[in-house]
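A short write-up of the structure that comes next.
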Amino acid sequence: MLAERVDEWTQKWKREGLLEGKREGKLEGKLEGQREGKLEGKREGKTEALQSVLTARFGPLPSWAGARLAGATIDQLDAWLNGFLQAETLEGLLGDPPVNTGTPAS
């Protein structure tokens, strides 16, 4: 009788522990997803703002500049946002465009 009760309690504690673990895991996953979503939204907003001010300052952006902005970190976007008024050229702000190193097909 006592052994059966101990088994019942053990099983109950295991079930409760699993349920608690699942709840904690879901909460952690939800919070991580929210953090990632906020960071991505922040990065997208800064990218759009930078595209807008750079287009107003330097004219239509070449494709290499758009690609560079799209691949930038939040810190890099912040640096460019802080420096765009002082930059004399787009290249002076974002760096030189990539050099086409491919050889033409024969």
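Its first residue numbered 5, the sequence shown is counted upward by one per residue in our numbering. Note that beta-carbon positions come from the ideal geometry of N, C-alpha and C, so glycine has one too. Small disclaimer: the values here were computed from a predicted structure and weren't measured.
Tell me, to the nearest whole angstrom, how far the beta carbon of residue i is from that of residue j; I am working on the premise that it is less than 8 Å.
{"i": "PHE88", "j": "LEU58", "result": "6 Å"}
{"i": "LEU54", "j": "LEU73", "result": "6 Å"}
Can you grab the Cα-Cα spacing for the pair residue i / residue j, in whole Å?
{"i": "SER56", "j": "GLN90", "result": "16 Å"}
{"i": "LYS46", "j": "ILE78", "result": "8 Å"}
{"i": "GLY96", "j": "GLU44", "result": "26 Å"}
Can you tell me whether residue i is buried or exposed? The criterion is at least 16 other CB atoms within 10 Å of its CB, across all chains shown.
{"i": "TRP84", "result": "buried"}
{"i": "LEU98", "result": "buried"}
{"i": "GLY81", "result": "The amino acid occupying residue 81 in the given sequence is Leu; Gly does not appear at that position. LEU81 should be labelled buried."}
Give a single yes or no on whether residue i has its beta carbon closer than 7 Å to a heavy atom of the ligand FAD.
{"i": "ALA69", "result": "Summarising the ligand content, the structure contains no ligands, and the ligand FAD is consequently not present."}
Could you say which of the options lies nearest to residue i if we only look at CA atoms?
{"i": "PRO102", "options": "GLU48, LEU22, LYS16, ALA69", "result": "ALA69"}
Would you mind listing the alpha helix (DSSP H) stretches within the segment 58-110 that are 4+ residues and don't spill past its ends, in chain order? 67-74, 78-87, 94-98
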